[in-house]
Amino acid sequence: MIDLMDRIVALPLAPLPGPAVLAAALELAAVFRKAGAPVVAVRAQRPGPAEQPAGSGLAEGVAQDGDLVVVKRSIGAFHGTDLHERLGALGVDTLVMAGVATNLGVESTARAAADLGYRLVFAEDAMSGLTAAEHRAAVSLDFPRFGTVVTAAEVEFAAV
219 MIDLMDRIVA LPLAPLPGPA VLAAALELAA VFRKAGAPVV AVRAQRPGPA EQPAGSGLAE
279 GVAQDGDLVV VKRSIGAFHG TDLHERLGAL GVDTLVMAGV ATNLGVESTA RAAADLGYRL
339 VFAEDAMSGL TAAEHRAAVS LDFPRFGTVV TAAEVEFAAV
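In the working numbering, each residue carries its 1-based index in the sequence shown increased by 218.
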């Protein structure tokens, strides 16, 4: 789950509002937790400012005991973090992508994941962009080149 932080979920996102994206992502994460599969919560923390803006923490319920929490300092979740090593230690080879913004944090993370050899599944209704056009472009043009685009309800856990 990429950048599901209070201040980002509160932005005027499109085509889905932040609370709807958050709800879909939390539902999907609950399915993974119930099955004993890893859940990764990623949040941004930019270098430089002594204090992060208000709302920079993960939204309530995003990270729970046992989840992997990654603090990134760039757009994507792999650059400059130990995410790849942590996933490798767990034997993870498939990632189900969710979060905000579709064409920024989610796409940047997905591109790096594809370069690292991960199989990708995109839960379209568990992500949103800053504009509907940016979201649609990523979901319809870019993501199909890297993996499979489905709704959160269509994620087939056995295939993950």
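Here a beta-carbon is modelled for each residue, glycine too, at the ideal position from N, C-alpha and C.
Using the DSSP secondary-structure output, state which residues sit across from threonine 366 in a beta bridge.
-> Translated into the one-based positions of the sequence shown, residue 366 becomes position 148. The partner list for threonine 366 (beta bridge, DSSP) reads Val339.
Straight-line Cα distance separating alanine 253 from glutamate 325 | The residue given as residue 325 occupies position 107 in the sequence shown. The residue given as residue 253 occupies position 35 in the sequence shown. Rounded to the nearest angstrom, the two C-alpha atoms are 26 Å apart.
Closest to serine 274 by CA distance: which of Gly284, Val227, His353, Ser292 is it?
-> The residue you call residue 274 lines up with position 56 of the sequence shown. When each option's Cα is compared against that of serine 274, the closest is Val227.
Which same chain residues, not among the five before or five after alanine 281, have their C-beta less than 7 Å away from its C-beta?
-> Against the sequence shown, residue 281 aligns to sequence position 63. Closer than 7 Å at the Cβ level, and outside the excluded window around alanine 281, lie Ala259, Val287.
If we count the other Cβ atoms within 10 Å of its Cβ and call it buried at 16 or more, is alanine 341 buried or exposed?
-> Numbered from 1 along the sequence shown, position 123 holds the residue referred to as residue 341. It is buried - the Cβ of alanine 341 has at least 16 other Cβ atoms within 10 Å.
Enumerate in chain order the residues of its own chain whose CB-to-CB distance from arginine 337 is below 8 Å, with the five nearest sequence positions on each side excluded.
-> Locating residue 337 in the sequence shown gives position 119, where the first residue counts as 1. Asp311, Thr312, Leu313, Gly365, listed in sequence order.
According to DSSP, is serine 274 helix, strand or coil?
-> In the sequence shown, the residue the question calls residue 274 occupies position 56. Three-state result, serine 274: coil.
Reference glycine 369, options Gly335, Ala351, Gly317, Ala331, closest by Cα | By 1-based counting over the sequence shown, the position of residue 369 is 151. First, the amino acid is wrong: residue 369 is threonine here, not glycine. With distances taken between Cα atoms, threonine 369 lies closest to Gly317.
Between methionine 219 and alanine 247, which are expected to be in contact by the criterion C-beta below 8 Å, what is the C-beta distance as a whole number of angstroms?
-> Taking the first residue of the sequence shown as 1, we reach residue 219 at position 1. Taking the first residue of the sequence shown as 1, we reach residue 247 at position 29. Sure, about 6 Å apart at Cβ, within 8 Å.
Leucine 231: which of Thr320, Pro362, Phe361 sits nearest, CA to CA?
-> Against the sequence shown, residue 231 aligns to sequence position 13. Selected option, being the one with the closest Cα: Thr320.
Pairwise C-alpha distance: serine 292 and methionine 223 | Counted from its first residue, the sequence shown places residue 223 at position 5. Counted from its first residue, the sequence shown places residue 292 at position 74. Looking at the two C-alpha atoms, the distance is approximately 15 Å.
Verify whether the separation of the beta carbon atoms of histidine 297 and alanine 330 is less than 9 Å.
-> Taking the sequence shown and counting its residues from 1, one reaches residue 297 at position 79. Taking the sequence shown and counting its residues from 1, one reaches residue 330 at position 112. In contact: histidine 297 and alanine 330 (Cβ atoms closer than 9 Å).
For phenylalanine 250, I'd like the list of residues in its chain whose CB is within less than 6 Å of its CB, leaving aside the five on either flank, ordered along the chain.
-> Locating residue 250 in the sequence shown gives position 32, counting from the first residue. Answer for phenylalanine 250: Val257, listed in chain order.
Sorted by chain position, which residues of the same chain lie with C-beta nearer than 6 Å to leucine 301's C-beta, five sequence neighbours on each side aside?
-> Stepping through the sequence shown from its first residue, residue 301 is reached at position 83. Hits under 6 Å: Val288, Ala295.
For leucine 322, I'd like the list of residues in its chain whose CB is within less than 7 Å of its CB, leaving aside the five on either flank, ordered along the chain.
-> Here the question's residue 322 lines up with position 104 in the sequence shown. Within the same chain, leucine 322 has close Cβ partners Ile293.
Is it buried or exposed for alanine 356, if we count other Cβ within 10 angstroms and need 16 for buried?
-> Within the sequence shown, residue 356 is the residue found at index 138, counting from 1. Buried, because 16 or more other Cβ atoms sit within 10 Å of the Cβ of alanine 356.
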